[in-house]
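S.K.:
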Amino acid sequence: MIMRFALIFIFLVLLLTKVALASNSTAIPIAKPGCNDTCGQVRVPYPFGIGPDCYRDSWFEVLCNETLSPPTTLVKKINMEVLNFSYVPEYTSIEFVRVKSPVISKNCSPRETEQRVNLTGSPFFYSETRNKFVAAGCNNRALMAGINPTIVGCESDCINGDTLFGSPGPDKTCNSGTCCETVIPSDLKTFNATFERNEPEGCQLAFLVDQQWFDFSIENSSRLQNTEYVPALLDWSLPPEDYGTSNYSGRLYCSYGYWGNPYLPYGCHDIDECLEDKRRCGDDTCVNKPGHFVCEGSRTWIIALGLGLGFGILCLVVGGWLLYKFLKKRREVKLKEKFFKRSGGFLLQQQMFSHKGSLEKTKIFTSKELD
Numbered sequence: 001m002i003m004r005f006a007l008i009f010i011f012l013v014l015l016l017t018k019v020a021l022a023s024n025s026t027a028i029p030i031a032k033p034g035c036n037d038t039c040g041q042v043r044v045p046y047p048f049g050i051g052p053d054c055y056r057d058s059w060f061e062v063l064c065n066e067t068l069s070p071p072t073t074l075v076k077k078i079n080m081e082v083l084n085f086s087y088v089p090e091y092t093s094i095e096f097v098r099v100k101s102p103v104i105s106k107n108c109s110p111r112e113t114e115q116r117v118n119l120t121g122s123p124f125f126y127s128e129t130r131n132k133f134v135a136a137g138c139n140n141r142a143l144m145a146g147i148n149p150t151i152v153g154c155e156s157d158c159i160n161g162d163t164l165f166g167s168p169g170p171d172k173t174c175n176s177g178t179c180c181e182t183v184i185p186s187d188l189k190t191f192n193a194t195f196e197r198n199e200p201e202g203c204q205l206a207f208l209v210d211q212q213w214f215d216f217s218i219e220n221s222s223r224l225q226n227t228e229y230v231p232a233l234l235d236w237s238l239p240p241e242d243y244g245t246s247n248y249s250g251r252l253y254c255s256y257g258y259w260g261n262p263y264l265p266y267g268c269h270d271i272d273e274c275l276e277d278k279r280r281c282g283d284d285t286c287v288n289k290p291g292h293f294v295c296e297g298s299r300t301w302i303i304a305l306g307l308g309l310g311f312g313i314l315c316l317v318v319g320g321w322l323l324y325k326f327l328k329k330r331r332e333v334k335l336k337e338k339f340f341k342r343s344g345g346f347l348l349q350q351q352m353f354s355h356k357g358s359l360e361k362t363k364i365f366t367s368k369e370l371d
């Protein structure tokens, strides 16, 4: 009984060790060695960093306020709170920084906000592909300020006059009533909005917002009347000479077939496609290669062919050896008959059988008996 429990204990220890090693082997570092990569629920990848010598430069310094619950993550120099960092599919690079962007409001009791965003001089800018400009309110004309000579804005009217947002259309976007939206210019580094109606009807809002989040949240638009911030996505660009980027985006990406953090030395790691999908090659054998994989034909027939050839060669060797022994023995018999005849053996036999009386006095010895 004791031996049985001991064996079970050893098995569990080995199993836990294997699981621990497996989990460690799949954990790809995203921060510099020795640096904290987590603030609350937010994972902070390099070139961003928490603490001295953990970020690329002061623009990427991140503050983690753990005195709050939950902890807040702040990009220090632009004073914007981070919601999370998003990644390119397959984790080949960091894509966007999702931040809290202010909602500018007017005639919204009990609050009225005019908070502006100025990213001038920084590597950050609002993503024109993932954000949109939204204005809401009855008879609201909102324009983005400070981006002359371009004029960006939209105008909403009021159907019923009693709601901030009308009912969303079937495509979950602003309808033609109390909400309007428009695209934003590329490389936008500032955000401020002005309202141009002299006689507005109720609360007026204007904000830059993550398009996907807004399309989802517009169904519950009443909560937007009392919010101060909405999520928006910041992009960034680094000088090409800093990292030798050649894709004109100022960004680094892991090569195809690799994943990880390209901003770290040796931060890109090979993707084992065969481990991710056991049936990737169907009945063939998946073989992982650096940066890619290949599908090789099933090796069952190769093994069978090898075994068949080996058995055939063995049979040939054994058969050849037996044939050699048989031919050698037959040759020895022939030689013995030849020597027996040459030495007068047949004549002696005839004499022995013709002289029966002398048969008892004559004896023939074999070669083995003579030896």
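Numbering-wise (this note's numbering), the sequence shown opens with residue 1 and increments by one.
Where is the CB? At the ideal position from N, CA and C, for every residue including glycine.
(1) Checking 8 Å against the spacing of the C-beta atoms, do Cys-54 and Cys-39 come in under that value?
(2) Enumerate, from N- to C-terminal direction, the unbroken beta strand (DSSP E) stretches of 3 or more residues contained entirely within the stretch 56-134.
(3) So, with DSSP's three-state summary, where would you put Lys-336?
(4) Just verifying my parser: in three-state terms, what is the DSSP assignment at Arg-251?
(5) On the DSSP letters alone, give me the boundaries of the beta strand (DSSP E) that Leu-143 sits inside.
(6) CA-CA distance, Leu-74 and Ile-184?
(7) Cα-Cα, which of Trp-236, Phe-125, Leu-233, Val-209 is closest to Thr-372?
(8) Within its chain, find whatever has a CB closer than 7 Å to the CB of Arg-130; leave out the 5 residues flanking it on each side and keep chain order.
(9) Let me confirm a value: Gln-115 is counted as buried when at least 16 other C-beta atoms fall within 10 Å, else exposed. Which label applies?
(10) State the start and end residues of the unbroken alpha helix (DSSP H) segment that holds Cys-274.
(11) Chain D beta carbons: is any one of them nearer than 8 Å to that of Phe-48?
(12) Looking at the unbroken beta strand (DSSP E) that takes in Thr-227, where does it start and where does it end?
(13) Are the stretch 40-48 and the stretch 69-85 touching by the rule of at least three beta carbon pairs closer than 8 Å?
(14) So what's Gly-312 in DSSP terms, helix, strand or just coil?
(15) Would you mind giving the Cβ-Cβ distance between Met-144 and Val-152, rounded to the nearest angstrom? I have them listed as a contact below 8 Å.
(16) Quick test of your reading: Thr-190 and Thr-120, contact by CB under 8 Å. State the CB separation rounded to the nearest angstrom.
(17) Buried or exposed: Asn-65, going by 16 or more other Cβ atoms within 10 Å of its Cβ?
(18) For Trp-321, which residues does DSSP report across the bridge?
(19) Just to confirm my understanding: we take Lys-132, look at its own chain, exclude 5 residues before and 5 after, and list those with CB closer than 8 Å. What are they?
(20) Mind checking who Cys-281 pairs with in its DSSP beta bridge?
(21) Specify the secondary structure class of Leu-208 as computed by DSSP and reduced to three states.
(22) May I have the straight-line CA-CA distance separating Asp-284 from Leu-309, to the nearest angstrom?
(23) Check each candidate in Tyr-229, Phe-124, Gly-282, Val-294 and name the one with the smallest Cα separation from Ser-186.
(24) Between the C-alpha atoms of Ile-271 and Phe-195, what's the straight-line distance to the nearest angstrom?
M.R.: Considering the structure as presented:
(1) no
(2) 61-65, 72-75, 80-87, 94-102, 104-106, 124-126
(3) helix
(4) coil
(5) 140-144
(6) 25 Å
(7) No information on residue 372 is available, as it lies outside the stretch 1 to 371 that the chain covers here.
(8) Phe-96, Asp-210, Gln-211, Leu-233
(9) Burial state of Gln-115 is exposed, judged by a 10 Å Cβ sphere holding fewer than 16 other Cβ atoms.
(10) 273-276
(11) The structure shown has no chain D; it contains just one protein chain.
(12) Run containing Thr-227: none; DSSP gives neither H nor E here.
(13) yes
(14) helix
(15) 4 Å
(16) With 8 Å as the limit, Thr-190 and Thr-120 qualify as a contact, their Cβ atoms being about 6 Å apart.
(17) exposed
(18) According to DSSP, Trp-321 bridges with nothing at all.
(19) Glu-181, Thr-182, Val-183, Ile-184, Leu-208, Val-209, Gln-211, Phe-214
(20) In the DSSP assignment, Cys-281 is bridged to no other residue.
(21) strand
(22) 23 Å
(23) Phe-124
(24) 51 Å
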